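Participant: One structure follows; several queries about it will come next.
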Amino acid sequence: MDSDDFVTVRTSLPTLPLPPNNARPEITTSRLLIRPLRPSDLDALHVLRTQEDVMKWTRAGCIDESIETTKSKLDPFLPPHDLVTGNCAICLKDTGELIGIGGCHLYPGSHGWPELGYLLRQETWGQGLATEFLGAWLRFWSELPRSERDVRVQKEMVIGDRNVDEHLIAITDAINTASQRVLLKSGFERFRDFTEVNDAKTVNLVAFRFLPSKK
Ligand SMILES: CC(C)(COP(=O)(O)OP(=O)(O)OC[C@H]1O[C@@H](n2cnc3c(N)ncnc32)[C@H](O)[C@@H]1OP(=O)(O)O)[C@@H](O)C(=O)NCCC(=O)NCCS
């Protein structure tokens with residue numbers, strides 16, 4: 001991306017540093033426990049990240065080739081990096097088993113805004129668990145303390161050019177209907193279709209945004 005593609009806007013965003021993992025709440029919903037990630041989650045995360053039908057929807061597009069690769073995907077959410085990321089373990093409340101990971105994995109993403117992502121183990125799909133997770137996580141994110149600041153964001157990822165509403169961005173593959181349904185059900189707005197070239201392959205993507213101040 002060219003620097004001409006960006007604009008500096010004034011907005012409010014969760015105050016950095018974010019609360020560290022050891023100061024974050026454990027959130028429970030009717031079926032889930034959503035908690036900070038721990039080093040001991042590595043094996044369960046590796047199981048998730050070696051499911052092909054899960055990983056084909058990620059930027060990498062393929063399963064982790066080794067436990068070291070999975071470790072490199074867990075470390076950004078453990079101290080000291082927890083101060084700039086908000087990704088959580090998604091566990092079954094009854095057993096404590098880790099079935100997914102979700103939250104703000106990039107702050108900022110390449111577009112300049114915080115970016116949301118989530119993955120759930122395939123055998124749990126179709127029961128409304130991603131929607132249950134996202135509703136609870138968005139309340140956590142929306143209630144974090146805010147600060148006013150200037151941020152550089154991609155022009156096409158914002159409406160307005162001076163004082164603008166804070167955005168939380170999610171990007172899906174254009175054919176990932178399940179994820180798009182989860183976002184729409186959770187209050188996100190579909191606002192931009194675009195393409196990206198990834199390993200010489202053109203991918204069709206859709207950007208969704210959530211405005212915490214409007215909820
Ligand atoms: C996307 C994902 C998190 C959804 O999890 P989930 O727990 O099954 O989601 P929910 O049950 O809360 O909601 C899924 C919705 O999509 C719909 N859906 C699922 N598959 C669909 C399909 N092939 N076509 C149309 N709609 C579909 C479901 O019917 C449901 O909508 P509804 O409640 O209106 O009926 C899960 O499939 C996943 O981990 N996928 C792989 C990783 C991924 O895509 N992550 C997101 C990257 S942007």
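Each step along the sequence shown adds one to the number in UniProt numbering, with nothing skipped, and position 69 is 69. Beta carbons are placed, not taken as given, at the ideal position from N, Cα and C, and that holds for glycine. Just so we're clear, the structure is a prediction, and the values are computed from it rather than from any experiment.
Could you give the residue range of the beta strand (DSSP E) that holds T202?
Facilitator: In the sequence shown, residue 202 corresponds to position 202, counting from 1. Segment K201 to F210, the beta strand (DSSP E) holding T202.
Participant: Roughly how many angstroms lie between the CA atoms of V197 and L205, to the nearest whole one?
Facilitator: Along the sequence shown, read from residue 1 onward, the residue named residue 197 stands at position 197. Along the sequence shown, read from residue 1 onward, the residue named residue 205 stands at position 205. Using only the alpha carbons, I get a separation of about 10 Å.
Participant: For E209 and I175, which I take to be in contact (beta-carbon distance under 8 Å), what is that distance rounded to the nearest angstrom?
Facilitator: As a position in the sequence shown, residue 209 is number 209, starting the count at 1. As a position in the sequence shown, residue 175 is number 175, starting the count at 1. Note on identity: in this sequence residue 209 is Arg, with Glu being the wrong assignment. The C-beta distance from R209 to I175 rounds to 20 Å, too long to fall under 8 Å, and the pair is not in contact.
Participant: Can you name the residues that DSSP bridges to Q154?
Facilitator: Against the sequence shown, residue 154 aligns to sequence position 154. In DSSP, Q154 forms a bridge with F6.
Participant: With a threshold of 7 Å on Cβ separation, who are the neighbours of E156 within its own chain once the five nearest residues in sequence on each side are excluded?
Facilitator: Numbered from 1 along the sequence shown, position 156 holds the residue referred to as residue 156. Answer for E156: R192, listed in chain order.
Participant: Should V47 go down as buried or exposed, given a rule of 16 or more other Cβ atoms within 10 Å for buried?
Facilitator: One-based indexing of the sequence shown puts residue 47 at position 47. The residue is exposed, with fewer than 16 neighbouring Cβ atoms inside 10 Å.
Participant: Can you check the region 126-188 for any alpha helix (DSSP H) of at least 4 residues that lies completely inside it and give the ranges in chain order?
Facilitator: Counting only runs of 4 or more, we get 129-142 and 177-185.
Participant: With a threshold of 6 Å (Cβ to nearest heavy atom), would Y118 be considered close to ligand 1?
Facilitator: The sequence position of residue 118 within the sequence shown is 118, counting from 1. Indeed, a heavy atom of ligand 1 lies less than 6 Å from the Cβ.
Participant: Write down the C-beta distance between T8 and R146 rounded to the nearest angstrom, noting that I regard them as a contact closer than 8 Å.
Facilitator: Along the sequence shown, read from residue 1 onward, the residue named residue 8 stands at position 8. Along the sequence shown, read from residue 1 onward, the residue named residue 146 stands at position 146. With a Cβ gap of about 18 Å, T8 and R146 do not count as contacting.
Participant: Would you mind stating whether T177 and K93 have Cβ atoms separated by less than 7 Å?
Facilitator: Numbered from 1 along the sequence shown, position 177 holds the residue referred to as residue 177. Numbered from 1 along the sequence shown, position 93 holds the residue referred to as residue 93. The answer is no: Cβ separation not under 7 Å.
Participant: Buried or exposed for L129, going by 16 or more other Cβ atoms inside 10 Å?
Facilitator: As a position in the sequence shown, residue 129 is number 129, starting the count at 1. So L129 counts as buried.
Participant: Pick helix, strand or coil for P114, following the three-state DSSP scheme.
Facilitator: Here residue 114 refers to the residue found at position 114 of the sequence shown. DSSP places P114 in coil when its eight states are reduced to three.
Participant: According to DSSP, what are the bridge partners of E196?
Facilitator: The residue given as residue 196 occupies position 196 in the sequence shown. Per DSSP, V203.
Participant: Give the DSSP bridge partners of R35, in chain order.
Facilitator: As a position in the sequence shown, residue 35 is number 35, starting the count at 1. Residue pairing by DSSP places R35 opposite A89 in a beta bridge.
Participant: Taking 7 Å as the threshold (C-beta atoms), are S3 and E148 in contact?
Facilitator: Counted from its first residue, the sequence shown places residue 148 at position 148. Counted from its first residue, the sequence shown places residue 3 at position 3. Against a cut-off of 7 Å, the Cβ pair of S3 and E148 comes out as no contact.
Participant: Hey, out of H111, H81, L184 and V203, whose CA is closest to V151's CA?
Facilitator: Taking the first residue of the sequence shown as 1, we reach residue 151 at position 151. Checking every option, the nearest Cα to that of V151 belongs to H111.
Participant: Cβ of R31 within 6 Å of any heavy atom in ligand 1?
Facilitator: Against the sequence shown, residue 31 aligns to sequence position 31. Every heavy atom of ligand 1 is 6 Å or more from the Cβ of R31, so no.
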